[in-house]
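Undergrad:
There are 2 protein chains.
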Amino acid sequence: MPSELLSPHELRVWHAFRLMGEEVLARIGQDLTEAAGLSGPEFGVLSRLAGLGQGEMRQQALADCLGWDKSRLSHQLTRMAGRGLIKRHASDKRLVLVQITRLGRKTLDNAMPVHAESVRRNLLSRLTAEQIATIVRVSNILGDDD
Amino acid sequence: MPSELLSPHELRVWHAFRLMGEEVLARIGQDLTEAAGLSGPEFGVLSRLAGLGQGEMRQQALADCLGWDKSRLSHQLTRMAGRGLIKRHASDKRLVLVQITRLGRKTLDNAMPVHAESVRRNLLSRLTAEQIATIVRVSNILGDDD
DNA sequence: TGGTAACGGTTGACACGTCAACCAAGATAT
DNA sequence: ATATCTTGGTTGACGTGTCAACCGTTACCA
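As you go down the protein sequences, you meet chains A and B in turn.
Once you know that position 144 of the first sequence is 145 in this note's numbering, the rest is easy, because the numbers rise by one and skip nothing.
Once you know that position 52 of the second sequence is 53 in this note's numbering, the rest is easy, because the numbers rise by one and skip nothing.
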């Protein structure tokens, strides 16, 4: 049985795991911000909105496909509406439709190639096919709720 | 040459990569908070402080070994001082010593086994030795600045 | 010696996330 | 029909992160 505390080796694995995600995410976020003026979360919202929803979507559905809770999305949308990237308008009285604006669409179109290039440069092109396969398998394993 | 945009497969890899880190980090952070009343960042600060510094350390050194910038650490320490987990006191006139308090030490001692158990349950024990080795190798590759 | 650069740290503004409380509208049960 | 639950969404408070500006102090160089 393992000791109560993490061994040096376990600690190294843990730190490696943490750093891996943080650094890559940060770099891609910076590329996005510098080249397209969009943050990571903003890019996520806009791309789902444009992709799955043809530009218009119920807030609920958007939250589900992002894996976010409603509060997080509501705050994010408030900020993005302030920047003019999306619009909210109530259809029926109790559900809200989120719509990508012309500016949002334009910014997204601009950001997509930047994002693709950054993901390839900072992640995909650095790894072998087997390493990538392991990443995907590990992600599925760790994503299970037990 | 790859198309300008990410292919469905590339997209799957990217999403898998993002989720992997976020979910595990979130779970461990929750375990820590619920069982020991400490957030992830707070745990990081306290454990470095107790480990490398015997409880007392220059702010600079602490930032370096956390991989944080001075501003981030300053904000974090302000909050933690407010909670009574650490104390700041100027030694010489221009550098600040950070010291873990009795409460900080006690909370950390309480949190360490919780942290170890959570890291094992949410990460280490779910993966094979080869998968763990790949993670560490991949982390080193992705950590390089190019 | 005087100017300037580097070091160590703080602060304020703002984006992001989480949690809990709240609210209105429908749906359900009794 | 009234009470209650669920759904969809907002809000406020607070912790976390980043960026840029700022401020003393020391070091270094002309």
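Even glycine gets a Cβ: it sits at the ideal position worked out from N, Cα and C.
Computed from a predicted structure; not experimentally measured.
Which residues in the same chain have their Cβ closer than 6 Å to the Cβ of residue 64(A), if we skip the five residues on either side of it in sequence?
TA: Only 71, 74 meet the Cβ criterion.
Undergrad: Any idea if residue 43(B) is buried or exposed, counting beta-carbon neighbours within 10 angstroms, 16 or more meaning buried?
TA: It counts as buried.
Undergrad: Just tell me which of 22(B), 47(B), 96(B) has its CA closest to the CA of residue 108(B).
TA: The shortest C-alpha separation from residue 108(B) is found at 47(B).
Undergrad: Terminal residues of the continuous beta strand (DSSP E) containing residue 88(A)?
TA: Unbroken beta strand (DSSP E) run through residue 88(A): 87-91.
Undergrad: Report the three-state DSSP secondary structure of residue 84(A) (helix, strand or coil).
TA: Three-state DSSP puts residue 84(A) in coil, outside helix and strand.
Undergrad: Do residue 100(B) and residue 90(B) have their beta-carbon atoms positioned less than 8 Å apart in this structure?
TA: Yes, the Cβ-Cβ distance between residue 90(B) and residue 100(B) is below 8 Å.
Undergrad: Taking the DSSP output, what are the residues bridged to residue 59(A)?
TA: Residue 59(A) is bridged to 98(A).
Undergrad: With H, G and I counted as helix, E and B as strand and the rest as coil, what does DSSP make of residue 129(B)?
TA: Here residue 129(B) sits in coil by DSSP.
Undergrad: Could you please give the first and the last residue of the uninterrupted alpha helix (DSSP H) stretch that includes residue 24(B)?
TA: From DSSP, the alpha helix (DSSP H) with residue 24(B) extends over 9-37.
Undergrad: If you draw a straight line from the C-alpha of residue 145(B) to the C-alpha of residue 31(A), how long is it?
TA: Taking the straight line joining both Cα atoms gives about 16 Å.
Undergrad: Got a sec? Which residues, its chain only, sit under 7 Å from residue 81(B) by beta carbon, not counting five neighbours each side?
TA: Answer for residue 81(B): 43, 46, 87, listed in chain order.
Undergrad: Beta-carbon separation of residue 26(A) and residue 19(B) under 8 Å?
TA: Their beta carbons are under 8 Å apart, which means residue 26(A) touches residue 19(B) by this criterion.
Undergrad: At a CB-CB cut-off below 8 Å, which residues of chain A make contact with residue 22(B)?
TA: 18, 19, 21, 22, 23, 26, listed in chain order.
Undergrad: Just to confirm, are residue 115(B) and residue 13(A) a CB contact at a threshold of 8 Å?
TA: The answer is no: Cβ separation not under 8 Å.
Undergrad: What residues in its chain sit with their C-beta under 8 Å from that of residue 59(B), if we drop five residues either side in the sequence?
TA: So the list reads 96, 97, 98, 99, once near-sequence residues are dropped.
Undergrad: Cβ of residue 64(A) less than 8 Å from any chain B Cβ?
TA: By this cut-off, residue 64(A) is not an interface position.
Undergrad: Could you tell me whether any Cβ in chain B is nearer than 8 Å to the Cβ of residue 112(A)?
TA: No, no contact with chain B.
Undergrad: Output, in chain order, the set of chain B residues within a Cβ distance shorter than 7 Å of residue 37(A).
TA: Ordered by position in chain B, no residue passes the 7 Å Cβ test against residue 37(A), which lies about 14 Å from the chain.
Undergrad: For the alpha helix (DSSP H) that contains residue 43(B), what are its first and last residues?
TA: Element bounds for residue 43(B): 41-54.
Undergrad: What span of residues does the alpha helix (DSSP H) with residue 105(A) cover, start to end?
TA: That run of the alpha helix (DSSP H) goes 103-123.
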